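Colleague: In my numbering, the protein residues as written are 410 to 599.
Structure below; questions to follow.
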């Protein structure tokens with residue numbers, strides 16, 4: 410084998426197994442403890458990995474939580490492509506509201522751990538890119554679209570706040586109402 414050839418990552422290999430164990434440990438600890446009590450030594454002990462592995466890959470507790478959120482939201486609430494902006498927004502909002510139910514506390518803790526500038530968050534950057542692609546598809550179809558900021562402020566943020574203030578996710582009717590309000594605004598503003 411050519412020594413200069415780049416090593417290929419194996420799906421399901423050791424790295425994936427370590428990541429899965431660490432993510433599970435983070436979720437368990439955030440479920441059991443206060444945010445301040447979740448530390449890299451505790452995560453390492455629970456996951457059965459060395460602290461250096463966690464520091465090297467994630468850097469901090471905020472990095473760990475950010476990775477968990479990005480992974481879970483991506484798995485449980487993929488960005489839809491229904492063929493219409495309304496359909497995409499409604500399905501995305503409903504899925505996101507459903508994801509917030511089991512992950513709500515973790516996601517809110519992640520927001521508390523993150524830096525003041527959300528654009529530095531890996532999970533935010535990834536999700537924002539996916540949402541922007543959804544908006545770009547709608548624009549290409551000739552639909553009037555909100556900006557990414559308008560989408561986040563009009564749909565995503567209210568879904569987070571519903572979980573935070575009421576302790577439960579928004580139902581599908583509420584999620585659809587948020588979409589209606591955003592699209593009415595876009596129609597009037599454009």
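Glycine included, each C-beta is placed from N, C-alpha and C at the ideal position.
Here the structure is a predicted model, which means the values were calculated and not measured.
Pairing CB atoms from the segment 430-443 with CB atoms from the segment 467-479, are three or more of them under 8 angstroms?
Modeller: Touching, yes.
Colleague: What runs of the alpha helix (DSSP H), each 4 residues or longer, lie entirely inside the segment 416-479?
Modeller: Taking only runs of at least 4 residues, the alpha helix (DSSP H) segments lying wholly in the segment 416-479 are 423-441, 449-456 and 460-466.
Colleague: Can you tell me whether residue 464 is buried or exposed? The criterion is at least 16 other CB atoms within 10 Å of its CB, across all chains shown.
Modeller: Along the chain shown, read from residue 1 onward, the residue named residue 464 stands at position 55. It is exposed - the Cβ of residue 464 has fewer than 16 other Cβ atoms within 10 Å.
Colleague: Skipping 5 residues on each side, what residues in its chain have a beta carbon closer than 8 angstroms to that of residue 507?
Modeller: Here residue 507 refers to the residue found at position 98 of the chain shown. Closer than 8 angstroms at Cβ, skipping near neighbours: 485, 486 and 578.
Colleague: Can at least three beta-carbon pairs, one atom from the segment 555-572 and one from the segment 449-462, be found at a separation below 8 angstroms?
Modeller: Result no; under three Cβ-Cβ pairs closer than 8 angstroms.
Colleague: How would you call residue 450, buried or exposed, if buried means at least 16 neighbouring beta carbons within 10 angstroms?
Modeller: For this step, residue 450 is matched to residue 41 along the chain shown. Exposed is the call here.
Colleague: Please report the straight-line C-alpha distance between residue 590 and residue 563, rounded to a whole angstrom.
Modeller: Counting from one through the chain shown, the residue named residue 590 turns up at place 181. Counting from one through the chain shown, the residue named residue 563 turns up at place 154. Rounded to whole angstroms, residue 590 to residue 563 spans 8 angstroms at the Cα level.
Colleague: Quick check: the Cα distance between residue 481 and residue 594, rounded to an integer number of angstroms?
Modeller: Your numbering for residue 481 matches position 72 in the chain shown. Your numbering for residue 594 matches position 185 in the chain shown. One C-alpha to the other measures close to 31 angstroms.
Colleague: Is any beta-carbon of chain B found at less than 8 angstroms from that of residue 442?
Modeller: The question asks about chain B, but that chain is absent: this structure has only one protein chain.
Colleague: Relative to the C-alpha of residue 492, which residue among 598, 504, 548 and 596 is closest?
Modeller: Here residue 492 refers to the residue found at position 83 of the chain shown. Closest by alpha carbon: 548.
Colleague: Excluding the 5 residues flanking residue 469 on each side, which residues of the same chain have their C-beta closer than 7 angstroms to its C-beta?
Modeller: Stepping through the chain shown from its first residue, residue 469 is reached at position 60. The answer is none, since no qualifying residue turns up.
Colleague: Excluding sequence positions up to five away, which residues of its chain have a Cβ less than 7 angstroms from the Cβ of residue 604?
Modeller: Absent from the structure is residue 604, since the part of the chain shown begins at 410 and ends at 599.
Colleague: Could you pull the start and end residues of the alpha helix (DSSP H) that residue 556 belongs to?
Modeller: By one-based count along the chain shown, residue 556 stands at place 147. That residue, residue 556, is in no alpha helix (DSSP H); it is neither H nor E in DSSP.
Colleague: Please return the same chain residues whose Cβ sits closer than 7 angstroms to the Cβ of residue 537, not counting the five positions on each side in sequence.
Modeller: Translated into positions along the chain shown, residue 537 becomes position 128. Contacts found: 557.
Colleague: Short check: CB of residue 499 to CB of residue 553, under 8 angstroms?
Modeller: If you number the chain shown from 1, residue 499 lands on position 90. If you number the chain shown from 1, residue 553 lands on position 144. Not a contact, by the Cβ cut-off of 8 angstroms.
Colleague: For residue 442 and residue 471, what's the separation of their Cα atoms in angstroms?
Modeller: If you number the chain shown from 1, residue 442 lands on position 33. If you number the chain shown from 1, residue 471 lands on position 62. Taking the straight line joining both Cα atoms gives about 15 angstroms.
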